[in-house]
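First comes the structure, then the notes that go with it.
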Amino acid sequence: LSVFYILVFIIAVPGNALALWAFFHQKSTSSSKVFLRNLAFADLCYVLILPMRIVYHLSGSWPFGIILCQLSGFLFYLNMYCSLFLMSFISLDRLLAVGLPLKSQAVRKPLYAKIVVAILWVIVTVSMTPSLFSKKNIENSTINCRMLYLEKTSPKALVSTVVAFFIPFITIVISYVLILLKLRKLQQQEERPMKAKAVKMIILIVMNFLFAFVPYHVCRIYIQSHSPELIATNWWSLSRANQITSALTCISGILDPVMYFFLNRAYRKVFLKL
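Start counting the sequence shown at 1; every next residue gets the next number (UniProt numbering).
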């Protein structure tokens with residue numbers, strides 16, 4: 001896993017740092033740019049925590065103490081779930097832009113997007129805060145940092161995992177099905193570039209979800225719903241699967257800059273100048 005994390009770190013940090021720089025140097029702003037800017041920020045925070053995971057896996061123990069164990073796990077999951085919901089906001093924004101281009105202008109204002117994003121960060125931060133003080137996660141933090149790979153099996157943990165994953169997942173699926181249905185009606189020559197751009201974006205975000213987030217959440221939901229009947233051997237295998245699928249969520253930090261390349265002209269210009 002350490003080699004995988006190193007590769008992700010090397011690729012994702014420059015990609016997302018470049019995206020943030022491009023987004024903040026744009027003169028104009030829009031609701032989609034607000035969402036993209038925050039997604040790049042969340043991804044960057046997400047991957048900047050990886051060096052501690054790399055050291056953890058290379059050394060076989062956690063050398064950074066209890067506080068950094070709790071904090072690194074908290075920040076990892078905070079930014080992951082903010083990324084999930086930001087992708088769902090981007091899909092809704094695209095749906096309004098394609099389905100109701102004129103009527104939606106009153107709703108798709110940058111100010112409203114900033115308010116929605118601020119509320120999202122507050123809600124996810126508050127909902128994740130109890131995990132910072134969980135005794136289950138603090139135990140043996142000098143040897144094993146349990147907070148890095150959450151395996152809580154309480155009914156509350158199961159419900160929160162299902163809600164945090166399925167709300168953005170269903171939003172994205174419904175939005176892109178409706179967008180594709182709308183695009184099928186576009187036959188005019190001048191509208192073909194918009195159709196091609198939208199299809200590329202849909203493919204990228206769906207791939208992102210399938211490879212980065214679906215395996216992890218399927219694994220976590222299975223562990224949390226079957227924990228009473230699991231024997232020691234199965235528990236070890238599932239714990240290892242949880243670590244591997246948790247690592248796969250970092251792929252999002254690589255795929256998102258690819259999405260920015262197709263979605264944002266400023267990022268594309270900066271990237272092509274390199």
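We put the beta carbon where it would ideally sit given N, CA and C, even for glycine.
For Ser72, the secondary structure class from DSSP, reduced to helix, strand or coil, is helix. Under the three-pair Cβ rule at 8 Å, the stretch 41-48 counts as touching the stretch 2-21.
Residue burial is scored here from C-beta neighbours: Gln70 has at least 16 other C-beta atoms within 10 angstroms and is therefore classed as buried. In terms of CA proximity to Gly60, Arg146 leads the group Cys250, Asp256, Arg146 and Ser175. No Cβ-Cβ contact shorter than 8 Å links Ile202 with Tyr222.
Going by DSSP, Tyr260 is part of the alpha helix (DSSP H) stretching over Ser252 to Leu263. With a threshold of 16 other beta carbon atoms within 10 Å, Ile115 falls short and is exposed. Rounded to the nearest whole angstrom, the CA to CA distance from Ser30 to Arg108 is 8 Å. Taken atom to atom, the span from the alpha-carbon of Asn264 to that of Val34 is near 12 Å. In the structure shown, the three-state DSSP call for Phe24 is helix. Contact between the stretch 203-222 and the stretch 245-256 is present: 3 or more CB-CB pairs across the two stretches fall below 8 Å. The closest CA to that of Ser2, considering only Arg268, Leu238 and Val55, is found on Val55.
Restricting attention to Lys269, Arg268 and Tyr260, the CA atom closest to the CA of Ser32 is found in Tyr260.
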